[in-house]
Amino acid sequence: MDTYKIIEVKESVFADNDREAARLRQELKQSGTFLLNLMSSPGSGKTTTLLRTIEALKDELRMGVMEADIDSDVDARKIAEAGVKSIQLHTGGMCHLDAGMTEQGLREIGTDGLDLVVLENVGNLVCPAEFDTGAVKNAMILSVPEGHDKPLKYPLIFTVCDALLINKTDVLPYFDFDMDKVVEYAHRRNPKLEIFPVSAKTGEGMDAWCDWLRRQVKGWQS
Numbered sequence: 011m012d013t014y015k016i017i018e019v020k021e022s023v024f025a026d027n028d029r030e031a032a033r034l035r036q037e038l039k040q041s042g043t044f045l046l047n048l049m050s051s052p053g054s055g056k057t058t059t060l061l062r063t064i065e066a067l068k069d070e071l072r073m074g075v076m077e078a079d080i081d082s083d084v085d086a087r088k089i090a091e092a093g094v095k096s097i098q099l100h101t102g103g104m105c106h107l108d109a110g111m112t113e114q115g116l117r118e119i120g121t122d123g124l125d126l127v128v129l130e131n132v133g134n135l136v137c138p139a140e141f142d143t144g145a146v147k148n149a150m151i152l153s154v155p156e157g158h159d160k161p162l163k164y165p166l167i168f169t170v171c172d173a174l175l176i177n178k179t180d181v182l183p184y185f186d187f188d189m190d191k192v193v194e195y196a197h198r199r200n201p202k203l204e205i206f207p208v209s210a211k212t213g214e215g216m217d218a219w220c221d222w223l224r225r226q227v228k229g230w231q232s
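Start counting the sequence shown at 11; every next residue gets the next number (the working numbering).
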């Protein structure tokens, strides 16, 4: 009877990616470019929020945007029309970006002279949170129609993010959404999470979010 043993040499599938992400952050630090990884579900208002952010900051920060999608260039066209350098990243069916894909995008867009690059990740609350893209900070958007229980259902993304934008506050009267509960649940996952209730449609709350982002960029460059 043959005997054999199985030796588990399985390194974490994320280990190589984590090393690549750390190296990418070092390069970004040297160039003075702040990379923000922006995540959310589809339909949360990510692109609209980004356009509001661009409008507020583009005169003082040199910006670029990388739009990730499975197969579309609609969002990148909208960003380009706002007067900001943008590229579209097609993931070929993958539901996330990793550090290697992000680096390819950065090489294409060119970080020389850019203060801030926003990576608009694939619309998904699960996969994107699992991969370190090399970003300096992670932010996510949760919209009011999605419900206040999302921090309980998708804990990882709330854990890895530095900022949470609660978007579409203009429709709060029409949904059973408890702002106090979502803040409580989110801080249960991540006590340091900065939370910004906003309406990308009306502009309400966007000043506080843009002030936070501005401080992060300046701090990274100091």
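Even for Gly, the Cβ is constructed at its ideal location relative to N, Cα and C. Owing to the predicted nature of the structure, the values given are computational and were not obtained by experimental measurement.
According to DSSP, which residues form a beta bridge with residue i?
i: H100; result: D79
i: K95; result: G74
Determine the contact status of residue i and residue j, defining contact as a CB-CB distance below 7 Å.
i: N200; j: F168; result: yes
i: A90; j: Q98; result: no
i: N27; j: A109; result: yes
i: G42; j: Q231; result: yes
i: V227; j: L162; result: no
i: L71; j: A149; result: no
i: K178; j: V193; result: no
i: L135; j: Y164; result: yes
i: K160; j: D180; result: no
Considering only the alpha carbon of each residue, which of the options lies closest to residue i?
i: A32; options: V208, A145, G133; result: A145
i: L60; options: K88, S41, T121; result: K88
i: I151; options: E214, G103, K228, F206; result: F206
i: A78; options: K68, I64, V94, T57; result: T57
i: H100; options: T121, M76, A218; result: M76
i: I119; options: V94, P138, Y195, L135; result: V94
i: Q36; options: L166, D188, S96, E113; result: E113
i: L182; options: E214, I64, L166; result: E214
i: I176; options: L34, A218, K147; result: A218
i: Q40; options: V170, K191, L124, R198; result: L124
If you run the structure through DSSP and keep just helix, strand and coil, what is residue i?
i: L46; result: strand
i: G115; result: helix
i: K20; result: Confidence in K20 is poor, its pLDDT being 41 and thus under 50, which makes the residue's placement too unreliable to answer from.
i: G74; result: strand
i: N233; result: No statement about residue 233 is possible, as the shown extent of the chain runs from 11 to 232 and does not include it.
i: E156; result: helix
i: L175; result: strand
i: L124; result: coil
i: P207; result: strand
i: L129; result: strand
i: K202; result: coil
i: K68; result: coil
i: E214; result: coil
i: C137; result: helix
For residue i, which residues in the same chain have their Cβ closer than 6 Å to its Cβ, ignoring the five residues on either side in sequence?
i: A66; result: C220
i: M216; result: R62, V208
i: E140; result: none
i: L38; result: L45
Can you list, in chain order, the residues of its chain whose CB lies under 8 Å from that of residue i, leaving out five sequence neighbours each side?
i: E204; result: D172, A173, L174, W222
i: E156; result: S51, S54
i: H106; result: N131, V132, N134, C137, P138, E140, F141
i: R224; result: L67, E70, L71
i: A25; result: none
Leaving aside the five residues before and after residue i along the sequence, list all residues of the same chain whose C-beta is less than 7 Å from its C-beta, in chain order.
i: R29; result: none
i: F185; result: V154, P155
i: D188; result: H158
i: K68; result: G93, V94
For the ligand ATP, any of its heavy atoms closer than 6 Å to the Cβ of residue i?
i: V208; result: Ligands displayed in this structure: none; no statement on the ligand ATP is therefore possible.
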